[in-house]
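Participant: Convert by adding 5 to the 1-based position in the sequence shown; the result is the number in this note's numbering. Note that CB positions come from ideal geometry on N, CA and C, so glycine has one too. None of the values given here were measured: they were computed from a predicted structure. Dropping a structure here in structure tokens format, bear with me for questions.
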Amino acid sequence: MKRHHAWMLAFALVLAPPAARGEGLALETVLRSADAHYPLLQATRLESEARSLKSLEARGAFDARLSVRGDLRPEGFYENYTGTSKLELPTTLWGSRLFARYRYGEGDFGSYDGARLTDDEGELGFGIEVPLLRGGPTDPRRAAIEDAERGEAAFRPELQLERVNLARAASLAYWDWVSAGRKVEIAEQLLMVADARQGQIARRVERGSEPEIDLADNRRLVIERRVRLRGAERDFRQAAIQLSLFLRHEDGTPWVVEREDLPPAFPEEVPVDAMDIEGDVERARQQHPILQQLAIERERVEIDLRLARNELLPALDLAVEGSRDVGDEQPGIDEVGKLSGDPPGETEIKAMLRLALPIQQRTARGRVGIAQVRRAQLEQRARFA
6 MKRHHAWMLA FALVLAPPAA RGEGLALETV LRSADAHYPL LQATRLESEA
56 RSLKSLEARG AFDARLSVRG DLRPEGFYEN YTGTSKLELP TTLWGSRLFA
106 RYRYGEGDFG SYDGARLTDD EGELGFGIEV PLLRGGPTDP RRAAIEDAER
156 GEAAFRPELQ LERVNLARAA SLAYWDWVSA GRKVEIAEQL LMVADARQGQ
206 IARRVERGSE PEIDLADNRR LVIERRVRLR GAERDFRQAA IQLSLFLRHE
256 DGTPWVVERE DLPPAFPEEV PVDAMDIEGD VERARQQHPI LQQLAIERER
306 VEIDLRLARN ELLPALDLAV EGSRDVGDEQ PGIDEVGKLS GDPPGETEIK
356 AMLRLALPIQ QRTARGRVGI AQVRRAQLEQ RARFA
């Protein structure tokens, strides 16, 4: 009965808010600090810049390219000099490619090589190449840009999910710390009660109203509660260090809190509003970061699938080119082997059609199968989510 009274007294002392303690550290302070300074969350935020640069890298596949080539033959049966510079510009319009060319050639050429001769100011040429089947609706360059854009769009739900998980972990660490602090207070109060009882029992033993064995038994209880207090203080210190992973100073260094930072009491329990549960579930179905991630991942798989199916098609390319010599004519050998004052001709327009038929296409068929399996996996993950 006396021990039961001591326990009740200890809990009454602990549950009463300490008079000297202020408001203490609030959970909201921990959550704000974690959101602003937690290193892993800051690393996730930097991923946004990396993905933006990834999109820029993918668009680099459509950069203009300039190439220059020269062929000098100062000694030999045919002495001649030729040079060609070409500017190519890939476009996103049905995979077409524009190009402009400047060519210069002078000297002696064989009849089989007379087309290399130009007028004295060279030859200008322009053209376009259009893939009619494979590479038309999509190609690896455009697919890479779409994939990079989807990856950039996926950053927002990933960051939201990271913040949700961080808030949960920080909240658990905070309440573990508060709980550990309250356990220290309970252990202190229980030790204080045991110490007070030791003096009371000692006086009763001296008067002969209580056997001496009770004094020894209470002394054992005092030692046991002192050991428990040391363990509670150790646990509190560990909880404070764990909390410092999320609670940080403005410069980002961990802030290890002390007992005076404990809140005076646990907050009041917030009742669940049962009438709004259906609305919360519906909002989660539409806005939960995991579902948004899965939707974006499915879009990326569809990009791979479209590209793989397109690579199963034959390569049928149409090229149209026009060229014109400029400057004064240079004499040379024409196409029939006769000396001519204008062997290349001033203006030339030509169209070319190239066809390549796939035989086995194991690579493309494998990519199609992989994309279909990944799409089925995402559908199952979305069902579970």
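So, V306 versus R379, is the Cβ gap smaller than 7 Å?
Facilitator: Here residue 306 corresponds to residue number 301 of the sequence shown, with the count starting at 1. Here residue 379 corresponds to residue number 374 of the sequence shown, with the count starting at 1. It is a contact, given that the beta carbons lie within the stated cut-off.
Participant: Could you check which residue in D40, E304 and W260 has the C-alpha nearest to that of E167?
Facilitator: Here residue 167 is taken as the residue at index 162 of the sequence shown, counted from 1. When only C-alpha atoms are compared, the closest one is D40.
Participant: Return the CA-CA distance between E33 and E193, expressed in angstroms with no decimal places.
Facilitator: As a first step, residue 33 is located in the sequence shown; it is residue number 28 there, counting from the start. As a first step, residue 193 is located in the sequence shown; it is residue number 188 there, counting from the start. Roughly 28 Å separates the two Cα atoms.
Participant: Going by Cα to Cα distance, which pick from A153, G75 and L98 is closest to S90?
Facilitator: The sequence position of residue 90 within the sequence shown is 85, counting from 1. Taking only the C-alpha atoms, the option nearest S90 is G75.
Participant: Could you tell me the distance, in whole angstroms, from the CA atom of I308 to the CA atom of G257?
Facilitator: Walking along the sequence shown from the start, residue 308 turns up at place 303. Walking along the sequence shown from the start, residue 257 turns up at place 252. So the two alpha carbons sit approximately 41 Å from each other.
Participant: What's the gap between the Cα of R102 and the Cα of V135?
Facilitator: As a first step, residue 102 must be located in the sequence shown, where it is residue number 97. As a first step, residue 135 must be located in the sequence shown, where it is residue number 130. Roughly 7 Å between the two C-alpha positions.
Participant: Could you pull out every residue in the same chain whose Cβ sits closer than 7 Å to the Cβ of F160, ignoring the five residues on either side in sequence?
Facilitator: Here residue 160 is taken as the residue at index 155 of the sequence shown, counted from 1. Answer for F160: E52, S53 and R56, listed in chain order.
Participant: In angstroms, rounded to a whole number, what distance separates the CA positions of A5 and Y43?
Facilitator: In the structure as shown, the chain begins at 6 and stops at 390. Residue 5 is therefore absent and cannot be evaluated.
Participant: Looking at L323 and L137, is the spacing between their C-beta atoms short of 7 Å?
Facilitator: Locating residue 137 in the sequence shown gives position 132, where the first residue counts as 1. Locating residue 323 in the sequence shown gives position 318, where the first residue counts as 1. Yes, Cβ-Cβ distance for L137 and L323 is below 7 Å.
Participant: Can you tell me which residues form a DSSP beta bridge with D222?
Facilitator: Reading the sequence shown from its first residue, position 217 is the one you call residue 222. None, per the DSSP bridge assignment.
Participant: Hey, R155 and G130 are a contact pair by Cβ (cut 8 Å); roughly how many whole angstroms apart?
Facilitator: For the purposes of this step, residue 155 is taken as residue 150 along the sequence shown, with counting starting at 1. For the purposes of this step, residue 130 is taken as residue 125 along the sequence shown, with counting starting at 1. Going by Cβ atoms, the distance from R155 to G130 rounds to 39 Å, so no, they are not a contact pair.
Participant: Relative to the C-alpha of R224, which candidate in R202, R233, R239 and D240 has its C-alpha closest?
Facilitator: In the sequence shown, counting from the first residue as 1, residue 224 sits at position 219. Cα-wise, what sits closest to R224 is R202.
Participant: Determine, using beta carbons only, whether G88 and Y109 come nearer to each other than 7 Å.
Facilitator: As a first step, residue 88 is located in the sequence shown; it is residue number 83 there, counting from the start. As a first step, residue 109 is located in the sequence shown; it is residue number 104 there, counting from the start. Closer than 7 Å, so yes.
Participant: Whole alpha helix (DSSP H) runs in the stretch 211-275 with 4 or more residues, listed along the chain?
Facilitator: Within the stretch 211-275, the complete alpha helix (DSSP H) runs of at least 4 residues are 217-248.
Participant: Starting from the C-beta of V151, find all residues in its chain whose C-beta is less than 7 Å away, skip the five residues before and the five after it, and write them out in chain order.
Facilitator: The sequence position of residue 151 within the sequence shown is 146, counting from 1. According to the sequence as given, residue 151 is Glu; it is not Val. Excluding residues within five positions, the ones whose Cβ falls inside 7 Å are I308.
Participant: Considering only their Cβ atoms, is the gap separating E126 from G332 smaller than 7 Å?
Facilitator: Indexing the sequence shown from 1 puts residue 332 at position 327. Indexing the sequence shown from 1 puts residue 126 at position 121. Yes; because the gap between Cβ atoms is below 7 Å, this pair is in contact.
Participant: What does the Cβ neighbour count give for K355, buried or exposed, with the cut at 16 atoms within 10 Å?
Facilitator: By 1-based counting over the sequence shown, the position of residue 355 is 350. With fewer than 16 Cβ atoms within 10 Å of its Cβ, K355 is classed as exposed.
Participant: In the DSSP assignment, find the beta strand (DSSP E) that holds P95 and state where it starts and stops.
Facilitator: Along the sequence shown, read from residue 1 onward, the residue named residue 95 stands at position 90. Start and end: N85 to P95.
Participant: For I301, which three-state DSSP category applies?
Facilitator: Position 296 of the sequence shown, counting from 1, holds the residue named residue 301. I301: helix per DSSP, three-state reduction.
Participant: Let me check understanding here. Comparing Cα to Cα, which of D113, F67, L94 and L58 lies closest to T81?
Facilitator: Along the sequence shown, read from residue 1 onward, the residue named residue 81 stands at position 76. The residue asked about is misnamed: residue 81 is Gly in this sequence, not Thr. That would be D113, whose Cα lies nearest to the Cα of G81.
Participant: If we count the other Cβ atoms within 10 Å of its Cβ and call it buried at 16 or more, is N3 buried or exposed?
Facilitator: Outside the displayed span of the chain (6 to 390) sits residue 3, for which this structure offers no information.
Participant: When you compare each of R311, A178, E302 and A376 to F251 by their alpha carbons, which one comes out closest?
Facilitator: Locating residue 251 in the sequence shown gives position 246, where the first residue counts as 1. If we check each option's Cα against that of F251, A178 comes out closest.
Participant: With 16 other CB atoms within 10 Å as the buried threshold, where does L98 fall?
Facilitator: Walking along the sequence shown from the start, residue 98 turns up at place 93. Exposed, since its Cβ has fewer than 16 Cβ neighbours within 10 Å.
Participant: Tell me whether the beta-carbon of G132 lies closer than 7 Å to the beta-carbon of E326.
Facilitator: As a working mapping, residue 132 is identified with position 127 in the sequence shown. As a working mapping, residue 326 is identified with position 321 in the sequence shown. For G132 and E326, yes; Cβs fall inside 7 Å.
Participant: Quick check: A221 and V189, are their CB atoms within less than 7 Å of each other?
Facilitator: For this step, residue 221 is matched to residue 216 along the sequence shown. For this step, residue 189 is matched to residue 184 along the sequence shown. No.
Participant: List the endpoints of the continuous beta strand (DSSP E) containing L129.
Facilitator: As a first step, residue 129 is located in the sequence shown; it is residue number 124 there, counting from the start. Unbroken beta strand (DSSP E) run through L129: E128 to P136.
Participant: In terms of residues, what are the limits of the beta strand (DSSP E) holding V325?
Facilitator: Within the sequence shown, numbered from 1, the residue matching residue 325 stands at position 320. A320 to D330 is the span of the beta strand (DSSP E), which, as asked, contains V325.
Participant: What are the uninterrupted segments assigned as alpha helix (DSSP H) that are 4 or more residues long and contained completely in the stretch 133-176, given in chain order?
Facilitator: You should have 145-158.
Participant: Tell me the rounded alpha-carbon separation between P268 and V183.
Facilitator: Counting from one through the sequence shown, the residue named residue 268 turns up at place 263. Counting from one through the sequence shown, the residue named residue 183 turns up at place 178. Those two C-alpha atoms are separated by around 8 Å.
Participant: Taking its Cβ as the centre, do 16 or more other Cβ atoms sit within 10 Å of I301, making it buried, or is it exposed?
Facilitator: Counted from its first residue, the sequence shown places residue 301 at position 296. Buried, since its Cβ has 16 or more Cβ neighbours within 10 Å.
Participant: Return the Cβ separation of I246 and A390 in integer angstroms, given the expectation that the two are a contact with Cβ distance under 8 Å.
Facilitator: As a first step, residue 246 must be located in the sequence shown, where it is residue number 241. As a first step, residue 390 must be located in the sequence shown, where it is residue number 385. About 35 Å separates the two Cβ atoms, so there is no contact after all.
Participant: Is R230 near L195, with beta carbons less than 7 Å apart?
Facilitator: Taking the first residue of the sequence shown as position 1, residue 230 is located at position 225. Taking the first residue of the sequence shown as position 1, residue 195 is located at position 190. The answer is yes: Cβ separation under 7 Å.
Participant: In three-state terms, what does DSSP make of Y109?
Facilitator: In the sequence shown, residue 109 corresponds to position 104, counting from 1. Three-state result, Y109: strand.
Participant: Roughly how many whole angstroms lie between the Cα atoms of L248 and V261?
Facilitator: Position 243 of the sequence shown holds residue 248. Position 256 of the sequence shown holds residue 261. Whole-angstrom Cα-Cα distance: 7 Å.
Participant: DSSP three-state label for D76, please.
Facilitator: One-based indexing of the sequence shown puts residue 76 at position 71. In this structure, D76 counts as strand in the three-state DSSP scheme.
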